[in-house]
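Order-wise, the sequence lines are chains S and F. If you're matching positions, the first sequence starts at 1 in our numbering and goes up one per residue. If you're matching positions, the second sequence starts at 1 in our numbering and goes up one per residue. Where a beta carbon is used, it is the ideal one built from N, C-alpha and C, also for glycine. Here is the structure we will look at.
Protein chains: 2
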Amino acid sequence: MSNASASHPFDQDTAVDKVTDGHYAATVTDRWSALTGHPNGGYLQALALRALGEGTAHPDPVSVATFYQRPGNPGPAEVHTEIAREGRRLATGEARVLQQGREVIRTMAHFGDLRNATGPEHRLAAAPELPEPAECLDPLAELSLDGLSIARQVEYRTAQPFGFMQGAPSGMPQAEFWMRLRGGREPDLLALAFLVDAAAPAVLELGEPPAPTVELTTHLRARPAPGWLACRVQTRHVSRGFHEEDFEIWDVTGTLVAQSRQLAMFP
Amino acid sequence: MSNASASHPFDQDTAVDKVTDGHYAATVTDRWSALTGHPNGGYLQALALRALGEGTAHPDPVSVATFYQRPGNPGPAEVHTEIAREGRRLATGEARVLQQGREVIRTMAHFGDLRNATGPEHRLAAAPELPEPAECLDPLAELSLDGLSIARQVEYRTAQPFGFMQGAPSGMPQAEFWMRLRGGREPDLLALAFLVDAAAPAVLELGEPPAPTVELTTHLRARPAPGWLACRVQTRHVSRGFHEEDFEIWDVTGTLVAQSRQLAMFP
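This is the structure we're talking about:
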């Protein structure tokens, strides 16, 4: 995860500059914001992970949990990292992202090497069944992206329009769709750690408002093949001000590459 | 979470003694071990959470992630805790459990108050459909519990025998069953943080061996009513040496009280 010659906004905006061992400087930009004006939680997580990855010889984040404490803001940030254990198969560490001296998020992760990982294979769930992206519609095509800068970085394709975008929430907080970074930036594990939080919340189909993420756990299961990513999002339990959102990302070869669950809390 | 007059083994064995602020002494016992001889990961997590809970005014763990680094062992342990943020609705902190000076697990958590939490309610999934516990069988009844000390603390009831226990794995890595602590110790959130890891791994029904947990995230959604807990476990993706296991716990009133996912790694 080098900072050199990064040209895509995702690589530019997750770049970290080493100050001292375990201490990095970064800049949170305004290119990853939803309507709140605050940077997306997956983007902040990717920034934390990128700094953390600098400290271990293991190339791949495989399990990541981020605890969100305060909304981030565009502007300077510090990332403090610690490798708790550098093992043979896994390294474990954490990264804290601070802005103006206050901790915004804390991310803990195991890193490993998914290239060489082997073991028994049992695949008991199916990838989303979607028409080819070219046969799908762009749900953002007729939408104003004012204040939704994240939509300038990520694009989506769906078989049908989202009900909530038509003013008619379906009542079913689940969806399947294609997603990718714009501009030909192919997916990698770091991008997946952002993209699991980059789609419209499933609770919008219940007529509920979006809610800040308080915790996000992601398991990265394989390095993704280049191309579109098939995604599935679902919420099943909205209760006491909290709800979970499950997110799966499958690559174009039909391999599950990321699965996440977040807990969100209504304001 | 007081240490006083604890009489059940779960309360005794998760007790922590304050040494200084943020530093606790504990004893990991041999009463929570599976066949490996190492203490169960959910038990270690409950120990970490109990120490962490001492440092916040918020009574309830609501979201917990534990990263497992090394197997624990019966014997003394230290727990180092840090509250990163004490907010109005949530407090956030982490606990590190060390044995012989080496970090065994690290647990991060949000604490809140589930008694007073309110918000929209949408319940889109159903509790396990199980016969009453009295009409079920005890899957451990004819089993030797030698080396399986955890089974002396937890009991189970199932509608049918588990296939893997009959030497005939079903091929379906999923199950529904009742579970509770033995001895009349009613469930609370701390017990749930243990119980999500206290059942037989679903991959045994694939004919695969048990695998150590490397990460476990649990969302605690409501304080459980007294009584048996209805549980559902499922694994869907076994790949590259890793697999996830999803676990749900519902109380006798049909309320989802805990949902967890763990990532396990074959040795």
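In this structure, T20(S) lies away from P74(S), with their beta-carbon atoms at least 7 Å apart. For E215(F), the C-beta contacts it makes with chain S under 8 Å involve S63, A65, H110, T217 and H219, in order along the chain. Per DSSP, G42(F) is one residue of the alpha helix (DSSP H) stretching across G41 to G53. Within the stretch 237-250 of chain F, contact with chain S at the beta-carbon level (separation under 7 Å) is assigned to H237, V238, S239, R240, G241, F242 and E244.
Secondary structure note for L145(S): it is in no alpha helix (DSSP H), with a DSSP letter that is neither H nor E. Scanning the stretch 133-192 of chain S from its first residue to its last, the whole beta strand (DSSP E) runs of 3-plus residues come out as 154-157 and 174-181. Taking 7 Å as the CB threshold, Q69(F) lines the interface with chain S. Taken through DSSP and simplified to helix, strand or coil, F67(F) comes out as strand. With the rule of 3 Cβ pairs closer than 8 Å, the stretch 219-227 of chain F does not count as touching the stretch 159-176 of chain F. In chain order, R240 and G241 make up the part of chain F whose C-beta sits under 8 Å from the C-beta of T118(S). Nearest CB-CB separation between T56(S) and chain F: not below the 7 Å threshold. Shown here, F10(S) sits in a helix according to DSSP, grouped into three states.
Taking a beta-carbon distance threshold of 7 Å, L263(F) counts as an interface residue toward chain S. The stretch 237-247 of chain S makes no contact with the stretch 128-143 of chain F: fewer than 3 CB pairs, one atom from each, lie closer than 8 Å. Linking V154(S) to L148(S) through their CA atoms gives a straight-line distance of about 11 Å. Taking 7 Å as the cut-off, the Cβ atoms of G72(S) and L44(S) count as close.
For L263(F), the secondary structure class from DSSP, reduced to helix, strand or coil, is strand. Looking from the CA of F67(F), the closest CA among P76(F), A34(F) and T107(F) belongs to T107(F). Beta-bridge partners assigned by DSSP to D17(S): A25(S).
Per the DSSP secondary-structure output, A95(S) pairs in a beta bridge with T81(S) and T107(S). In chain order, F177, M179 and I249 place their CB closer than 6 Å to the CB of C231(F), counting only its own chain and leaving out the 5 sequence neighbours on each side.
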